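Numbers 12 to 435, taken from this note's numbering, label the letters of the sequence shown in order.
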Amino acid sequence: MRRRTAVCACHFGTGKGRRVAPSPQDDSIRFKPLEIPKAEVRAAGIGLFDAIFEESLAPIFLLDLDLGTHTLTIGDCNSAALRILGLRRQDKRKLMGRNVLTLFTRDGLADAQGLRRALIRHQAFTGEGQLQGPDGSPIACRLVFRPFGGRGTPLRYVAIMHPLSTNLEAQIEALTAELLAARTARERMLARLSHDLRTPLNGILGLSEILQNPALVQLDEKTRTAYARDIHSAGRELLFRIEDMLAAAVADDPQRYALKETKIHLEALVRRVAKRFFDAKDVGRIVFAVEAGIGPVLADEELVEKMTEALFDNALRAAPPDTPIRCRIGRTAEGGVYLAIEDRGVPLELAEVERAIAALEEESDVYSAPSRRLTAGLPMAKAYIELHGGRMELGPLAPSPRDGKPAGGHVTRLIFPPNRYRGR
């Protein structure tokens, strides 16, 4: 006689079980798992990981594994990792591509050989180490390295570093103070954005209302043209304010932005932008001073056009009427290329540009430190030139080489690094 074995089937409603005999057709009863599309599972998993990554109080690093040297380089890190290293969000790019072991003090990793063996075998690793704090003092941590990826994607590691703090109360107080500071900064940021966006928008609405309703006030053709020019100027300022905000997001995570690089002749691009940007009256104010033999620059043409427009707009707003606006293009001492716009307006400092877009480090109220000069568009230009590996310089014009007297004006420079200059 064939022996049959009974299996237990579960009643989902009651949680009780009962013994049943299998049917003559099957020797066993199998439960079919719930089928969920892989794409949905993957998307949900990515969203969950992103949330944990950003909100976790533990420092987390995403590391790229070099299969040749078995070294781990930093590909990304969360806010907690920046805090423990004493870095700000805008300093995040300094960590990208860096060997993770350089974050530890000398002999700070207790079992470095064990980590290397785990990397060779693509295995997880747990140990202890000492990170180098902002003041150089060691920070004891429990380390967890876990591999992920493979099967068509690059093998990577996630590293979680739990500080072994002996003063939990002080740590909680520090986190509470940080949260309060972030809340205050957010309120100031919203106040600044509200002010920066409402001011030009109110001008657009007010002037357009006058133009569309002749019954309010009688306008001659000259006044009507002036109002239309003011509306256009306010709209341009509003656009630059929005561009500044978008560029600030790019600056926070430059790794996600891919440049569309092409060879650009700066002089041709600047002349084209000036012709499109200025009206016939103002085009004659531009004076070009271009060094001979300047070759092409490898850059994103769309972003360079936006940067050039921002510099021209800033100069046009700040310069006294009918004064020249000088555009210089030349080589830098280190072998790069610069684009400079000079005007006779009030000088501006780089700190005022950095303060123009509020970040988590916003320290003052929106009206407590008014800028001496409109900054719209300059934060965008600064973010985009840094995306190219360059930098922005601005300040008063250098004294005249003839008599050494102050020139009385302002200059903004965009400096492209040597590796983007193809004219050497």
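Using N, Cα and C, we set each Cβ at its ideal position, and we do this for glycine too.
It should be emphasised that the depicted structure is a prediction, and the values quoted were computed from it without experimental measurement.
Linking Ser90 to Arg100 through their CA atoms gives a straight-line distance of about 7 Å.
In this structure, Val308 places its C-beta atom within 7 Å of the C-beta atom of Phe427.
The criterion of a C-beta distance shorter than 7 Å is not satisfied by Gly347 and Tyr268. Within the same chain, Cβ atoms closer than 7 Å to the Cβ of Ala321 are found at Phe251, Gly388, Leu389, Met391 and Ala392, the five residues on either side in sequence being excluded. With contact defined as three or more Cβ pairs closer than 8 Å, the region 286-297 and the region 327-341 are in contact. At a Cβ-Cβ threshold of 7 Å, Pro145 and Thr116 do not count as neighbours.
Following the DSSP letters along the chain, one finds Glu397 inside the alpha helix (DSSP H) bounded by residues Leu389 to Leu398.
Going by DSSP, Arg282 is part of the alpha helix (DSSP H) stretching over Leu277 to Phe288. In the structure shown, Arg94 falls within a helical segment according to DSSP collapsed to helix, strand and coil. For Ala329, no beta strand (DSSP E) segment is defined; the enclosing uninterrupted segment is the alpha helix (DSSP H) at Glu312 to Ala329. Take Ile171, set aside five residues on each side of it, and the residues of its chain with a beta-carbon closer than 6 Å to its own are Ala69, Ile71 and Val155, in chain order. At the C-beta level, Ala394 and Ala258 come within 7 Å of one another. With respect to Leu106, Ile85 sits close: the two C-beta atoms are nearer than 7 Å. With a cutoff of 7 Å on beta-carbon distance, Leu249 and Tyr238 are scored as not near each other. The Cβ atoms of Phe159 and Arg167 sit closer than 7 Å to each other.
Per DSSP, the unbroken beta strand (DSSP E) holding Arg339 starts and ends at Ile336 to Arg342. Beta-carbon to beta-carbon, Thr343 and Glu363 are separated by about 24 Å, too far to satisfy the 8 Å threshold. One thing to note: Ile340 has its Cβ no nearer than 7 Å to the Cβ of Glu404. Runs of the alpha helix (DSSP H) lying entirely within the region 62-140 and spanning at least 4 residues, in chain order: 90-95 and 123-132. Rounded to whole angstroms, the Cβ separation of Glu313 and Lys271 is 7 Å, and the two are in contact under 8 Å.
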